[in-house]
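Below: one structure, written as structure tokens.
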Amino acid sequence: MVKASSNGLSSDLAGGVDTIVARATPAGRGALALIRVSGAQAPECAARVCPDLRFGAGWKATLTTVLDSEGEPLERAVVTSFPGPRSFTGEDMLEVAVHGSPFLVEAVIEAFVAAGARLAGAGEFTRRAVANGKLDLVQAEAIRDLVAADTASQHRNARQQLAGALSVQFRELRATLVTLLATIEASLDYEAQGVVVPAGEMAAQREECRRQLAALLATASAGERLREGMRLVILGSPNSGKSTLFNYLAGTERAIVSPRPGTTRDLVETGLDLGGVRIVVQDTAGLRVGGDEIEAEGHRRAQAAAAAADLAVVLWAVDAGIDADLAAEAANLPAIRVRSKIDLAPGEKVPDGWLGISCHSGEGLEDFRHELLRRILGEVPDLGGAVAIAARHRRALGVAASELEACDVERPDTAAENVRWALRAVDELIGEVSTDDVLDEIYGSFCIGK
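Spelled out as structure tokens, the structure:
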């Protein structure tokens, strides 16, 4: 087995001397597997591993023989060459499509390593694309999110981000900040010559920066929910049918269902796609006064889950009445109120604004699902083509907003320093200036062949 290199990436990016190789498709058996090679020595590696390939022809797929590390024929593969800079990384690249045998993939990678390549680090292909100006850092994050997308909305947003919709807004913000900084610094220069730049002009530019920042920050909360998933918590008194409803939504028997109250003592969680939106559903312990220490801890965790949720479903069974404490607690939550087990009381009127369901007979479940979908989609606004979706985006925008809040144009010397720090935050956001720690955090979450 080929071992990963322990070399860091900094010298590699600075000089572009190393040629890297990695599997680009998931590990395991499959009909096909794709192996990527990138770097200055890619043509030389290709000449040793695929001697019949004409790399210089470029941008065409060729059926050719691949040799192993000993020079023996190994596989007939489809090899596509991408001479730089017209490639994903901006370097000379190869993509080798072979049959998806784990042995075969490993043997092809070993052949390229023997020819002079080394194993790529996590996200190193994308890292090189950013270093060579093929992508910016925000677009690089979009590739990670595109691969990880579970729902249509996540896929749509990642695709728009990869196309540059969010980068455009970040760069427009940067340009506005540069204009503000230039005006403030000009006022300092002119002041020495007895010329005054009107404070109103600087204030107007500062307010435009604040407006752009506020618009981006307004998308951040919804953007993170879009990426991580909306949180839906199911609450109710013991034995009100919470776990049965949870299993209905999950489409499988995830939670234990029992007529004995207090069966669920810890949070049970599952993810699902509802209307193209990722939802994280949590089943909780029954809420009631009394019980042992374990029940009390379950109660505490249920309350914490409710506080962190975007929406709650609160159940009262028809055979148990409405608990006053639970009703008071639910009154402070964005919630769908449900009367459960209505098959036990045929004909009983469901209170206005409530839904009646029976997981046993199926009655009311379709209406419940429609209402849940309506409420969930109502919590996810139409965010258009630009969403500050990562926690990193929110942090950087928050720093810039704080600096502009402190920016007093009546004191140009300190105002200039505030704007410089705001600019640095935005530059780190788009990758104009980034520390190794920031880059390692981003690319470390990529798979090896990206």
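In this note's numbering, the protein residues as written are -5 to 444. Ideal Cβ placement from N, Cα and C applies to all residues, glycine included. Because the structure is a prediction, the values reported are computed rather than measured.
| field | Same chain only: Cβ atoms within 7 Å of residue 409, ignoring 5 sequence neighbours per side | value | Here the set comprises 178, 401, 402 and 403.
| task | Pick helix, strand or coil for residue 70, following the three-state DSSP scheme. | result | Collapsing the DSSP output to three states places residue 70 in a strand.
| Cβ-based burial, residue 272 [other Cβ within 10 Å; buried from 16] | Buried, because 16 or more other Cβ atoms sit within 10 Å of the Cβ of residue 272.
| query | In terms of alpha-carbon separation, which member of 303, 365 and 75 lies closest to residue 225? | reply | 303 is the residue among 303, 365 and 75 whose C-alpha sits nearest the C-alpha of residue 225.
| request: Please classify residue 86: is it buried, with 16 or more other beta-carbons within 10 angstroms of its beta-carbon, or exposed? | output: Around the beta carbon of residue 86, 16 or more other beta carbons lie within 10 angstroms, which makes this residue buried.
| query | Where does residue 35 fall in DSSP's three states? | reply | Residue 35: coil per DSSP, three-state reduction.
| field | Identity of the residues DSSP links to residue 86 by a beta bridge | value | Bridge pairing for residue 86: absent [DSSP].
| What do you reckon, are the CB atoms on residue 15 and residue 125 nearer than 8 Å? | Note that the C-beta distance between residue 15 and residue 125 is not below 8 Å.
| Reduced DSSP secondary structure (H/G/I, E/B, other) of residue 179 | It is helical.
| Can you tell me whether residue 147 is buried or exposed, with buried defined as 16 or more other CB within 10 angstroms of its CB? | Buried.
| query | Would you report the Cα separation of residue 275 and residue 357, rounded to the nearest angstrom? | reply | Using only the alpha carbons, I get a separation of about 21 Å.
| said: When you compare the CB positions of residue 309 and residue 344, do they come within less than 8 Å of one another, or not? | reply: The Cβ atoms of residue 309 and residue 344 do not sit closer than 8 Å to each other.
| query | Given that a residue counts as buried once 16 or more other Cβ atoms are within 10 Å of its Cβ, and exposed if not, what is residue 26? | reply | Exposed is the label assigned to residue 26, since fewer than 16 other Cβ atoms lie within 10 Å of its Cβ.
| Are residue 97 and residue 30 touching if we call contact CB-CB under 8 Å? | Going by C-beta atoms, residue 97 is not nearer than 8 Å to residue 30.
| query | Mind checking residue 406: buried by the 16 CB within 10 Å criterion, or exposed? | reply | Buried, since its Cβ has 16 or more Cβ neighbours within 10 Å.
| For the putative contact between residue 229 and residue 278, defined by C-beta atoms under 8 Å, what is the C-beta separation to the nearest angstrom? | About 6 Å separates the beta carbons of residue 229 and residue 278, which is inside the 8 Å limit, making them a contact pair.
| task | Identify which residue in 425, 92, 39 and 108 has its Cα closest to the Cα of residue 55. | result | A check of alpha carbon separations from residue 55 across 425, 92, 39 and 108 identifies 92 as the nearest.
| Terminal residues of the continuous beta strand (DSSP E) containing residue 273? | Where residue 273 is concerned, the enclosing beta strand (DSSP E) stretches over 271 to 277.
| Local conformation of residue 293 per DSSP, three classes | The DSSP-derived three-state label of residue 293 is helix.
| In this structure, what does DSSP give as the bridge partners for residue 307? | For residue 307, the beta-bridge partners assigned by DSSP are 228 and 330.
| query | In whole angstroms, what separates the C-alpha of residue 204 from that of residue 194? | reply | Near 15 Å, if we compare the C-alpha coordinates of residue 194 and residue 204.
| query | Cβ-heavy atom distance between residue 331 and the ligand NAP below 7 Å? | reply | No copy of the ligand NAP appears in this structure; indeed no ligand is present at all.
| residue 83, buried or exposed, once every other Cβ within 10 Å from all chains shown has been counted against 16 | By the 16-neighbour rule on beta-carbons within 10 angstroms, residue 83 is buried.
| field | Burial state of residue 425 (16 or more Cβ within 10 Å) | value | By the beta-carbon neighbour count (other beta carbons within 10 angstroms, threshold 16), residue 425 is buried.
| message | Distance check for residue 219 and residue 132, CA to CA, integer angstroms please. | response | Residue 132 and residue 219 have their C-alpha atoms roughly 18 Å apart.
| request: For residue 136, collect the residues of the same chain with a Cβ closer than 6 Å to its Cβ; drop the 5 residues on either side in sequence, then sort them by chain order. | output: Here the set comprises 152, 155 and 156.
| task | Can you tell me which of 60, 234, 420 and 418 puts its alpha carbon nearest to the alpha carbon of residue 69? | result | Cα-wise, what sits closest to residue 69 is 60.
| Any idea what DSSP makes of residue 267, helix, strand or coil? | Residue 267: strand per DSSP, three-state reduction.
| field | Alpha-carbon to alpha-carbon, residue 339 and residue 445 | value | Because the chain is modelled from -5 through 444, residue 445 falls outside the range shown and cannot be assessed.
| So, helix, strand or coil for residue 95, using DSSP? | Coil, per DSSP.
| query | Hey, residue 47 and residue 75: beta-carbon distance below 8 Å or not? | reply | Contact flag set, yes.
| message | Which same chain residues end up closer than 6 Å to residue 150 when comparing Cβ atoms and leaving out the 5 residues on each side of it in sequence? | response | If we look at residue 150 and ignore the five residues flanking it on each side, it has no Cβ neighbours.
| message | Here's the rule I'm using: 16 or more other beta-carbon atoms within 10 Å means buried, otherwise exposed. How should residue 12 be labelled? | response | If you draw a 10 Å sphere on the C-beta of residue 12, you find 16 or more other C-beta atoms in it, and that means buried.
| query | Can you check whether the CB of residue 305 is closer than 8 Å to the CB of residue 368? | reply | No.
| request: For residue 48, name the three-state secondary structure that DSSP assigns. | output: For residue 48, the secondary structure class from DSSP, reduced to helix, strand or coil, is coil.
| query | Does DSSP put residue 458 in a helix, a strand or coil? | reply | Residue 458 lies beyond the stretch modelled for the chain, which goes from -5 to 444, so this question has no answer here.
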